[in-house]
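*Asks:* Sharing a structure below in structure tokens format, with a few things to ask.
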Amino acid sequence: MKNVTMKNFLLQMVFVLSAMVLFTACNDDDDGGEPTPDPTGSLTVSDQNVTENNSIIVSSVTLDQNGWIVVHASNATNDGPQVPDIISEPKMVEAGTSSSVEVMFKESTEIEDGDVVYVMLHTDDGVAGTYEFDGANGLDAPILDASGNIVMTSITLSVEADPTGTLMVESQMISQNTIVVPEIVVDRSGWVVVHASNADGSPVVPDIISEPVQVSAGTNTDVEVTITETADLKDGDMVHVMLHTDNGAAGTYEFDGANGLDNPIFDENGGIVMKMIEIGSPSLMSEAQVVSANMVKISEVKAAVDGWLVVHADNEGTFGEVLGQTFVEAGTTTDVMVDLGTGVAFSGGEKLWPMLHIESPADGEYTFDGTNGEDGPEVFGDAVIMQSFDVEAPTGTITAMNQIVQGTTVKVSEITMNAKGWLVVHASNAAGDGPEVPGIVSTPVQIEAGTSTDVEVMLNSDFVFNADDKIYLMLHTENNIVGEYEFDGANGFDGPITTEAITLEAPKGELTAMSQVVSQNKVMIESIMVDQPSFVVVHRDNGTGEGPVVPGIISEPVALDAGTHEDISISFKDGEDLVDGEKLWVMLHNDNGVVGTYEFDGSSGLDGPITTSAGAIVMSAINIEAPSITATDKAVTNATVVVDEVKAAVDGWLVIHEDDGTGNFGAVIGQTFVKAGTTANVEVDVTGATINSGDKLFPMLHIESPADGTYGFPDNGDGPEVFNEAVIVVEFTVL
């Protein structure tokens, strides 16, 4: 500010004299009363920047009556104001004290950096509300202080370049009603705010719907602007993110569209620096469903930030206690599974409430307790992001046929379940009209949701059952401790869903076995038909000829699959010697213990004999004979040995051995093929052999194996026939 010079003072006197003339004229018309006191006033104004509104701000004005604030330019010699012209719009100020009075420069006024101007107080003593001072008419003259000086202050103006700024922001899903602006660049401190959008896409001004966020000169990243006017906020709303200056009281957002403070920042083309974006709401999508193994599925989660999907129990139609939660990343996630934990079971008809929470602080732990301010619910507008869905009842079906139990295995053709569960077997109750519960007689089998085929469930090894017994296949839920069957009829866990009764059938079978000559200590069974896996075994006769010795067997048990079998070979156990001509009993047994292991002992109930519908054991008595050779002493004629009779169980070879010199058979001197059965006068060519009267020859029976029509022993099969441990060989003397 500059002091007023003598020239200024003389100018002031001109003003005063003009004012006095006017005052005297007015007094001439008075009726002799007391003269009107001169107006008084004071002002406080400092050197300053010209505002963006092309104005200055007068800090304080005090007047004892209404008056004017105006701005005069410096005169040509820069030592006082240029009068009477003014370079501002006259600003009316009411009597009293006014603060932060904005005085606008005229549009034609050009202010340069460093200009000195004079802020002056004038009366309003002409037409009230009309500034009429022209330096001569005596109207609206400058106000004088007590010393007779004009009340004015000179100030130096600074003219800054227009504020500049840019912002980068895109349409986005928002969290906690907060828009994130990735980047803001401003050349000076300013504000970023959010304006609502008009129907035509223009911003609603001057009102804002967000908190004003101050940004510092330079580059600001990830600026968060929270919307505060949330009552009518909707998913898909268009809003305008806008930059404003901070040219009023620093740190106070003052834009009202009229006061010239904190105006929008403009770009080089004269457009407001702003971006219209669409804001989206986080959301959840779920459907009515069954709770499967304590798990529920939320079809879709749209999260603006990392957070938690929390499932609440129902509490009289609104959300209640938390049952489970899982972490979800920002973005869209489908088919999110939430474990509801142990201690809960759902039978259908309940309601569950999934709710979205934010992850704050980012510690990977859900710690929301309603009071600690951590991991709070996500909101959009005034609404928490949550919904509810109905819990459906677990359901299932069982398809199973009446069947013969093999081992301890019950077979179920098909099971359908809408949730993971259990398949178990209950015995029939004492009355025979339903299952005995809660006890089960099987190992529980876990069943996945969906359709399962050919399911096997194992009966307990101590469960004794008989033909025509009824058992109950039952589906149970899977809840509480997953993987552990917990139904006890009282705890509410793993409860029944549905049951299907089936009848256990007697095993069935038929066999055809004939008396026979045995080969290699084996008996051959012509045919066997069984409806289930079974065993065929051989029992020795009990000595009466009327039945077998049981439970002992003398054969190795032969396992049979269900179906028809032919030419079944049965071997005998080591140490079980056969007796030529003895009666044996071929018998069919069920395989209802450990499948593939013969366990019949006559008392355990396992692998018992198969019976007919009349209750008779399916068995056949056969007489066995040993293979044999009959050879009498005779001459060898035309290099041909004739053996009286050969009884063979299978096709084979009659082989003639010479004496080895010790009375035992030695080298082979001839052989011939013999068919299974009894053959008389079997001729064997021994051409090339030297045979004399009195020599011993040894006819020996060999089997044809492999069946290639060529005697290959010892290099290619065709080994000797045996009965027990004895080779089938005889001797005779050549006559």
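Take the sequence shown: its letters are residues -25 to -1, 1 to 710, numbered as in mature numbering (1 follows the signal peptide of the UniProt record, and there is no 0).
Beta carbons are placed, not taken as given, at the ideal position from N, Cα and C, and that holds for glycine.
1. For K(-19), does the count of other Cβ atoms within 10 angstroms reach 16, so buried, or fall short, so exposed?
2. Could you give the C-beta distance for I333 and E304, rounded to a whole number, given that I count them as a contact under 8 angstroms?
3. Would you identify the three-state DSSP class for A596, choosing helix, strand or coil?
4. Taking the runs of the beta strand (DSSP E) that are 3 residues or longer, which of them lie wholly in the stretch 199 to 268?
5. Which of helix, strand or coil does DSSP assign to A476?
6. Within this structure, are the beta carbons of E658 and T708 separated by less than 8 angstroms?
7. What's the C-alpha gap between F438 and V385?
8. On the CB-based measure, 16 or more other CB atoms within 10 Å of its CB, does V611 come out buried or exposed?
9. What's the C-alpha gap between G645 and T572?
10. Taking only runs of the beta strand (DSSP E) that begin and end inside the stretch 298 to 353, which ones reach a length of at least 3 residues, in chain order?
11. Would you mind reading off the limits of the beta strand (DSSP E) that contains L18?
12. For H219, collect the residues of the same chain with a Cβ closer than 8 angstroms to its Cβ; drop the 5 residues on either side in sequence, then sort them by chain order.
13. So what does R163 bridge to, in DSSP terms?
14. According to DSSP, what are the bridge partners of Y93?
15. Strictly by DSSP, which residues pair up with E77?
16. Are the stretch 633 to 641 and the stretch 602 to 609 touching by the rule of at least three beta carbon pairs closer than 8 angstroms?
17. Below 8 angstroms on the Cβ atoms is my contact criterion, and I expect E551 with I529 to pass it. Report the Cβ-Cβ distance as a whole number of Å.
18. By a C-beta neighbour count over all protein chains shown, 10 Å radius and 16 as the cutoff for buried, is P56 buried or exposed?
19. Contact between the stretch 460 to 471 and the stretch 429 to 444: three or more CB pairs below 8 angstroms?
20. In three-state terms, what does DSSP make of A701?
21. Among P413, A394, R515, which one has its Cα closest to the Cα of N404?
22. With DSSP as the reference, please indicate the residues paired to P187 in a beta bridge.
23. Under DSSP, the beta strand (DSSP E) around N565 begins and ends at which residues?
24. Thinking C-beta only, is T84 closer than 8 angstroms to I62?
25. Y106 by DSSP, collapsed to three states: which one?
26. Strictly by DSSP, which residues pair up with T653?
27. Which residue comes first and which comes last in the beta strand (DSSP E) that contains Y447?
28. Let me know the secondary structure DSSP gives L581 once reduced to three states.
29. Let's see if you can read the secondary structure: which residues bound the beta strand (DSSP E) around L398?
30. State whether the stretch 454 to 464 contacts the stretch 488 to 501, with contact taken as three or more CB pairs (one from each stretch) at a distance under 8 angstroms.
31. Using the Cβ count rule (16 or more neighbours within 10 Å means buried), how would you classify L629?
32. Between the Cα of G652 and the Cα atoms of V78, E600, V285, A624, which residue gives the shortest distance?
33. Just verifying my parser: in three-state terms, what is the DSSP assignment at T612?
34. Please classify D99 as buried or exposed, where buried requires at least 16 neighbouring CB atoms within 10 angstroms.
35. By the three-class DSSP mapping on this structure, what secondary structure does P689 have?
36. Enumerate in chain order the residues of its own chain whose CB-to-CB distance from residue 791 is below 7 angstroms, with the five nearest sequence positions on each side excluded.
*Replies:* Short version:
1. As a working note, residue -19 is residue 7 in the sequence shown. Residue confidence for K(-19) is low, a pLDDT of 40 falling below 50, so the modelled location carries little weight; the figure read from the coordinates is stated next. Per the 10 Å Cβ criterion, exposed.
2. The sequence position of residue 333 within the sequence shown is 358, counting from 1. The sequence position of residue 304 within the sequence shown is 329, counting from 1. No, I333 and E304 are not in contact; Cβ-Cβ is about 12 angstroms, not under 8 angstroms.
3. As a working note, residue 596 is residue 621 in the sequence shown. For A596, the three-state secondary structure derived from DSSP is strand.
4. The stretch 199 to 268 contains these whole beta strand (DSSP E) runs: 213 to 220, 249 to 255, 258 to 260.
5. Here residue 476 corresponds to residue number 501 of the sequence shown, with the count starting at 1. Strand at A476.
6. Here residue 658 is taken as the residue at index 683 of the sequence shown, counted from 1. Here residue 708 is taken as the residue at index 733 of the sequence shown, counted from 1. The answer is no: Cβ separation not under 8 angstroms.
7. As a first step, residue 438 must be located in the sequence shown, where it is residue number 463. As a first step, residue 385 must be located in the sequence shown, where it is residue number 410. C-alpha separation (whole angstroms): 13 angstroms.
8. Numbered from its first residue, the sequence shown carries residue 611 at position 636. Under this definition V611 is a buried residue.
9. On the sequence shown, residue 645 is found 670 positions in, with the first residue counted as 1. On the sequence shown, residue 572 is found 597 positions in, with the first residue counted as 1. Cα-Cα distance, rounded: 46 angstroms.
10. Within the stretch 298 to 353, the complete beta strand (DSSP E) runs of at least 3 residues are 306 to 314, 326 to 333.
11. As a first step, residue 18 is located in the sequence shown; it is residue number 43 there, counting from the start. For L18, the enclosing beta strand (DSSP E) stretches over residues 16 to 19.
12. For the purposes of this step, residue 219 is identified with residue 244 of the sequence shown, where counting begins at 1. Cβ within range, chain order: G165, W166, V167, V168, P187, Y228, F230, D237, N238, P239, I240.
13. Working through the sequence shown from its first residue, we reach residue 163 at position 188. Residue pairing by DSSP leaves R163 without any beta bridge partner.
14. As a working note, residue 93 is residue 118 in the sequence shown. In DSSP, Y93 forms a bridge with H47, S129.
15. The count along the sequence shown starts at 1 and reaches residue 77 at position 102. Answer by DSSP bridge pairing, in chain order: I32.
16. Judged by Cβ distances under 8 angstroms, the stretch 633 to 641 makes no contact with the stretch 602 to 609, as fewer than three pairs qualify.
17. One-based indexing of the sequence shown puts residue 551 at position 576. One-based indexing of the sequence shown puts residue 529 at position 554. Right, the Cβ-Cβ distance comes to about 4 angstroms (below 8 angstroms), so this counts as a contact.
18. Here residue 56 refers to the residue found at position 81 when the sequence shown is read from its first residue. When all chains shown are included, P56 counts as buried.
19. No: fewer than three Cβ pairs fall under 8 angstroms.
20. Within the sequence shown, the letter at position 726 stands for residue 701. Of the three classes helix, strand and coil, the one that applies to A701 here is strand, per DSSP.
21. Sequence index remark: in the sequence shown, residue 404 carries index 429 (1-based). Measuring from the Cα of N404, the nearest candidate turns out to be P413.
22. For the purposes of this step, residue 187 is identified with residue 212 of the sequence shown, where counting begins at 1. According to the DSSP secondary-structure assignment, P187 is paired through a beta bridge with no residue.
23. Within the sequence shown, residue 565 is the residue found at index 590, counting from 1. Its beta strand (DSSP E) spans residues 558 to 565.
24. What you label residue 62 is simply residue 87 of the sequence shown in a count that begins at 1. What you label residue 84 is simply residue 109 of the sequence shown in a count that begins at 1. Judged by their CB atoms, I62 and T84 are nearer to each other than the 8 angstroms cut-off.
25. Working through the sequence shown from its first residue, we reach residue 106 at position 131. Residue state, collapsed to three classes: coil.
26. Residue mapping note: residue 653 aligns to position 678 of the sequence shown, counting from 1. In the DSSP secondary-structure assignment, T653 is bridged to K622.
27. As a first step, residue 447 must be located in the sequence shown, where it is residue number 472. 445 to 452 is the span of the beta strand (DSSP E), which, as asked, contains Y447.
28. By 1-based counting over the sequence shown, the position of residue 581 is 606. Secondary structure at L581: coil, using DSSP grouped into helix, strand and coil.
29. Residue 398 sits at position 423 when you count from the first residue of the sequence shown. It spans 396 to 402 - the beta strand (DSSP E) in which L398 sits, taken as one unbroken run.
30. Cβ pair count under 8 angstroms is below three, so no.
31. Counting from 1 along the sequence shown, the entry for residue 629 is found at position 654. Buried: at least 16 other Cβ atoms inside 10 Å.
32. As a working mapping, residue 652 is identified with position 677 in the sequence shown. The shortest C-alpha to C-alpha distance from G652 to any of V78, E600, V285, A624 is the one to A624.
33. Position 637 of the sequence shown, counted from the first residue, corresponds to residue 612. In the structure shown, T612 sits in a strand (DSSP, three-state: E or B).
34. Locating residue 99 in the sequence shown gives position 124, where the first residue counts as 1. Residue burial annotation: D99 is buried, with at least 16 other C-beta atoms found within 10 angstroms of its C-beta.
35. For the purposes of this step, residue 689 is identified with residue 714 of the sequence shown, where counting begins at 1. The answer is coil: DSSP assigns P689 none of H, G, I, E or B.
36. Residue coverage of the chain in this structure runs from -25 to 710, which leaves residue 791 outside it and unanswerable.
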